[in-house]
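Participant:
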Amino acid sequence: MAEKVLKHSPSLSHGVQSQPFQDFLCKMASSSIKSRIGALATELESLSTNIQDETLRKELFEVVNHSANRLQPPIETIWKMIMSPHAPAALMVLIRMGVVIDLVEAGKPKTAKELSTSCGGEEMLIVRLMRPLVALGVFRETDIQTYEATPISQTLTAPPLLGGYQFMFDLATRSLANMPRYLERTGFKNVSGPPGPFQDCNRTNDLMFPYLIKDPPMMSNFNAFMAGQLETRPPWYATFSVQDMILAGAKTDDPSAVLLVDVGGGEGHDLASFHEAFPNAPGKLILQDTAPVIDNIKHLDAAITRQKHDFFTPQPVWGARVYYFRTIFHDWPDSDCVEILRQTAAAMTSRYSKLLIFEWVLPAKGTPLYPALLDINMMALLNGMERTEAQWTALLSQAGLKVVKFHKARADAEGLIEAELA
1 MAEKVLKHSP
11 SLSHGVQSQP
21 FQDFLCKMAS
31 SSIKSRIGAL
41 ATELESLSTN
51 IQDETLRKEL
61 FEVVNHSANR
71 LQPPIETIWK
81 MIMSPHAPAA
91 LMVLIRMGVV
101 IDLVEAGKPK
111 TAKELSTSCG
121 GEEMLIVRLM
131 RPLVALGVFR
141 ETDIQTYEAT
151 PISQTLTAPP
161 LLGGYQFMFD
171 LATRSLANMP
181 RYLERTGFKN
191 VSGPPGPFQD
201 CNRTNDLMFP
211 YLIKDPPMMS
221 NFNAFMAGQL
231 ETRPPWYATF
241 SVQDMILAGA
251 KTDDPSAVLL
261 VDVGGGEGHD
271 LASFHEAFPN
281 APGKLILQDT
291 APVIDNIKHL
301 DAAITRQKHD
311 FFTPQPVWGA
321 RVYYFRTIFH
331 DWPDSDCVEI
341 LRQTAAAMTS
351 RYSKLLIFEW
361 VLPAKGTPLY
371 PALLDINMMA
381 LLNGMERTEA
391 QWTALLSQAG
401 LKVVKFHKAR
411 ADAEGLIEAE
421 LA
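In the UniProt record's numbering, the protein residues as written are 1 to 422.
#1: Beta-carbon of T173 versus every beta-carbon of chain B: anything under 9 angstroms?
#2: Let's see if you can read the secondary structure: which residues bound the beta strand (DSSP E) around G415?
#3: Between which two residues does the beta strand (DSSP E) holding H275 run?
#4: In angstroms, rounded to a whole number, what distance separates the CA positions of H86 and I304?
#5: Taking one C-beta from the segment 233 to 252 and one from the segment 274 to 283 each time, how about it: are there three or more such pairs within less than 8 angstroms?
#6: Anyone know if the C-beta pair for A320 and S353 falls short of 9 angstroms?
#7: Go to H407, then tell me how far its beta strand (DSSP E) extends in each direction, as first and last residue.
#8: Can you grab the Cα-Cα spacing for the pair D289 / E148, in whole Å?
#9: Can you tell me whether DSSP reads Q199 as helix, strand or coil?
#10: Let me know the alpha helix (DSSP H) ranges lying completely inside the segment 143 to 206, each 4 residues or longer, listed in chain order.
#11: Whose C-beta lies closer than 6 angstroms to the C-beta of T252 among residues of the same chain, with five residues either side of it excluded?
#12: Are E418 and T327 close, meaning C-beta to C-beta below 9 angstroms?
#13: Taking Cβ positions, are L416 and L356 nearer each other than 9 angstroms?
#14: At the level of alpha carbons, what is the spacing between N202 and I95?
#15: According to DSSP, simplified to helix, strand and coil, what is F311?
#16: If distances are taken between C-alpha atoms only, which option among S397, W360, F329, I246 comes closest to N383?
#17: What does DSSP give as the partner residue(s) for Q288 in the beta ladder?
#18: For F167, is the classification buried or exposed, using 16 other Cβ atoms within 10 angstroms of its Cβ as the cut-off for buried?
#19: Please look up how many angstroms separate the CB atoms of P371 and L381, rounded, as I've assumed it's under 8 angstroms.
#20: For the segment 307 to 351, which segments carrying the alpha helix (DSSP H) assignment without a break, of at least 4 residues, lie completely within its bounds, in sequence order?
#21: Considering Cα atoms alone, identify which of I51, R306, L285 is closest to P255.
#22: Which residues in the same chain have their Cβ closer than 7 angstroms to the Cβ of C337, if we skip the five residues on either side of it in sequence?
#23: Quick one: is L103 buried, meaning 16 or more other Cβ sit within 10 Å of its Cβ, or exposed?
#24: Suppose the cutoff is 8 angstroms on Cβ atoms and the five residues either side in sequence are ignored; what does the same chain contact list for W318 look like?
#25: With 16 as the cutoff for other CB atoms within 10 Å, does L176 come out buried or exposed?
#26: Skipping 5 residues on each side, what residues in its chain have a beta carbon closer than 7 angstroms to that of S153?
#27: For V93, which option in T111, S67, W79, G120 has the closest C-alpha, if you only look at C-alpha atoms?
#28: Do the CB positions of P197 and Y182 come within less than 9 angstroms of each other?
#29: Enumerate in chain order the residues of its own chain whose CB-to-CB distance from I213 is below 8 angstroms, with the five nearest sequence positions on each side excluded.
#30: Should D331 go down as buried or exposed, given a rule of 16 or more other Cβ atoms within 10 Å for buried?
#31: Which class does I297 belong to by DSSP, given the choice of helix, strand or coil?
#32: At what residues does the beta strand (DSSP E) containing F358 begin and finish?
#33: Assuming S67 is part of the alpha helix (DSSP H), what are its boundary residues?
#34: Hey, could you find the ends of the alpha helix (DSSP H) residue 424 is sitting in?
#35: Run through DSSP, which three-state label would E76 get?
#36: Excluding five sequence neighbours on each side, which residues of the same chain lie with their C-beta closer than 6 angstroms to the C-beta of T344?
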């Protein structure tokens, strides 16, 4: 409409444009944009409410997120980053105070005064801590100084997420905050082994896992976090054809043959899941981990053999069809990874045994945010790293192994690296 008025205006066709007419055109354009924004908001509300397919939901989120990033001026983005630690700190205090669980369990709004009485914190402190969390949608403000839980805070109280939040804030945040100073003191060298940011900020020679053993509550939070992550991700064997890669060619006439060794497999979640999916697969299933982990397992299918093993020592199971590692190598720098791989390769049978690694495989360009942040987390806590295809290939070759194929089910999930003796 504004364009038509402009085209057919005599005064404008002769290069004369009055200020009132300019204002009129601006109002027309603004009105058009405003109506389009309203229509877009209605459409997005409908889509977000009715979309059922998870892949389409993520696709829609990426489109909206990309547009939001383009609309946000650089200075607002910078301020958002500057102020990003504040809300997590406020939430951590409310977790410690008991406010989060109190509100979720109440199932109804509660005033700051009521929360102060039930949780012990001062009323004004609760009000101040709630402000940024209400703005972020973690809680809802139903009246002045009156709050109720939202789906975000309700979800947070699930043990894996509540444990994970506390673990990350208590341990990871401390190391991340120290990382700039540590790297400056070390001449900005890439972290490739201890001592790293974690050892420096905690004034310890321990690696993270020995450090956690000395702090049972924090170890409990970490274990809950890891268990929850496994439950929400697609099973590792969904990234390839188990029949073609593992079962075809596996020994069926030898009762002592081992089909699958889960190296550093924790409490056996992945191995139990595999056995449930393929109950008639031939050969033994062996779960390996350190003595404290194996001794702490409370429930495990009788079909799975438990074995205490340190993967830095010679692999005791020879000639298995598969040696499987899940999220092990990102915990370690290259030199340690090569040692683990060499110990495993020495037990493998040429043209029969396979080594399968289920971890992130970073793209050479355009890494998604989550795995990019996870890589920084590995550096800060474990002196480890996430790796690209080229880095995985080089790492395996140092241990006498070669990549057969990189399998990836989804762009936003880990991939499976299939390797064998070179």
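Beta carbons are placed, not taken as given, at the ideal position from N, Cα and C, and that holds for glycine.
Facilitator: Taking the geometry as given:
#1: In the structure shown, chain B does not exist; there is a single protein chain.
#2: 415 to 421
#3: Note, H275: premise wrong, no beta strand (DSSP E); alpha helix (DSSP H) at 269 to 277.
#4: 46 angstroms
#5: Remark: three or more beta-carbon pairs, one from each stretch, lie closer than 8 angstroms, so the segment 233 to 252 and the segment 274 to 283 are flagged as touching.
#6: yes
#7: Where H407 is concerned, the enclosing beta strand (DSSP E) stretches over 401 to 408.
#8: Cα-Cα distance, rounded: 43 angstroms.
#9: If DSSP states are grouped into helix, strand and coil, Q199 belongs with the helices.
#10: Counting only unbroken stretches of 4 or more residues, the alpha helix (DSSP H) elements lying wholly within the segment 143 to 206 are 151 to 156, 159 to 167, 173 to 185, 197 to 202, in sequence order.
#11: P282
#12: Judged by beta-carbon spacing, T327 lies beyond the 9 angstroms limit of E418, meaning their Cβ atoms are not closer than that value.
#13: Against a cut-off of 9 angstroms, the Cβ pair of L356 and L416 comes out as a contact.
#14: 23 angstroms
#15: coil
#16: The shortest C-alpha separation from N383 is found at F329.
#17: Per DSSP, the beta-bridge partners of Q288 are V263, Q307.
#18: buried
#19: Wrong, their Cβ atoms sit about 15 angstroms apart, outside the cutoff.
#20: Correct list: 334 to 345.
#21: Nearest to P255 by alpha-carbon distance, out of I51, R306, L285, is L285.
#22: F329, L395
#23: buried
#24: A347, T349
#25: buried
#26: V100, L103, V104, V138, F139
#27: Answer by Cα proximity: G120.
#28: yes
#29: M219, P292
#30: buried
#31: coil
#32: 354 to 359
#33: Unbroken alpha helix (DSSP H) run through S67: 54 to 71.
#34: Since the displayed the chain opens at 1 and closes at 422, residue 424 lies outside it and no answer follows.
#35: helix
#36: Q315, Y323
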